[in-house]
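In terms of numbering that gives the first Met the number 0, the sequence shown opens at residue 0 and continues consecutively. These notes are about the structure you will find just below.
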Amino acid sequence: MTLTVPVLWISHLNSCSSSKAKGTANVRILKFKKGTFDLIQCVNLVTTEEKRLLLNDPDVLVNRLNRVENIVATLNATVKRLSTENQQQTLTIQQQEKTIQQHQISTLQQQAWITQQNTSNQQQQASIEQQQALIQQQQTTIQQQQTINQQQEQTIKQLQSSFNSIPSKTFFIQKRFYKRCQQKSKNSTQCLFPTAVLLLVT
Numbered sequence: 000m001t002l003t004v005p006v007l008w009i010s011h012l013n014s015c016s017s018s019k020a021k022g023t024a025n026v027r028i029l030k031f032k033k034g035t036f037d038l039i040q041c042v043n044l045v046t047t048e049e050k051r052l053l054l055n056d057p058d059v060l061v062n063r064l065n066r067v068e069n070i071v072a073t074l075n076a077t078v079k080r081l082s083t084e085n086q087q088q089t090l091t092i093q094q095q096e097k098t099i100q101q102h103q104i105s106t107l108q109q110q111a112w113i114t115q116q117n118t119s120n121q122q123q124q125a126s127i128e129q130q131q132a133l134i135q136q137q138q139t140t141i142q143q144q145q146t147i148n149q150q151q152e153q154t155i156k157q158l159q160s161s162f163n164s165i166p167s168k169t170f171f172i173q174k175r176f177y178k179r180c181q182q183k184s185k186n187s188t189q190c191l192f193p194t195a196v197l198l199l200v201t
């Protein structure tokens with residue numbers, strides 16, 4: 000359909016201008032000059048397929064239905080694909096959550112092991128300090144014993160020097176061949192028997 004009007008009447012072209020403003024593909028506005036007036040031509044571009052559809056052409060309806068079926072099949076395939084991807088992502092998320100839980104458990108176990116090691120190290124350090132204290136006590140005891148040994152050595156040397164200063168004397172007791180009993184007092188009696196004794200003192 001072609002409509003030619005002067006420019007002054009453009010405000011009355013509501014349908015044409017509104018269709019153009021809405022971006023309808025089948026409407027086109029042509030502006031040209033004829034004589035002393037600018038004319039606007041509003042052309043409604045209707046395709047052959049749309050005309051046949053308006054006339055209830057079966058082929059056009061079948062083609063449209065086939066297109067709709069193809070679109071629906073494509074949408075169904077897309078939905079299935081997205082559902083499969085969602086399931087895979089859900090499984091992946093569950094596996095990642097399990098992995099995270101395992102890592103958390105492993106981290107807690109490592110922290111507990113580190114705590115035990117720290118406690119064991121502290122106990123070993125305390126034991127080492129006790130052993131060092133015992134070693135110091137033993138060293139002190141050894142030093143004291145060494146001092147005592149030195150004092151004893153000095154005492155022995157002094158005694159040896161004292162013994163060396165005494166002159167040698169020899170005492171002989173001759174043989175006695177008699178027996179004598181002498182009563183020294185009323186309560187004790189001394190008896191001497193014949194003996195042969197040699198006493199040597201150096």
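All C-beta atoms, glycine included, are put in the ideal place defined by N, C-alpha and C.
Within the same chain, and ignoring the five residues on either side of Q151 in sequence, no residue has its Cβ closer than 6 Å to its Cβ.
Straight through space, the alpha carbons of Q115 and Q137 are spaced by roughly 32 Å. Positions of the alpha helix (DSSP H) runs, each at least 4 residues long and wholly inside the segment 79–157, cannot be given because no such run exists.
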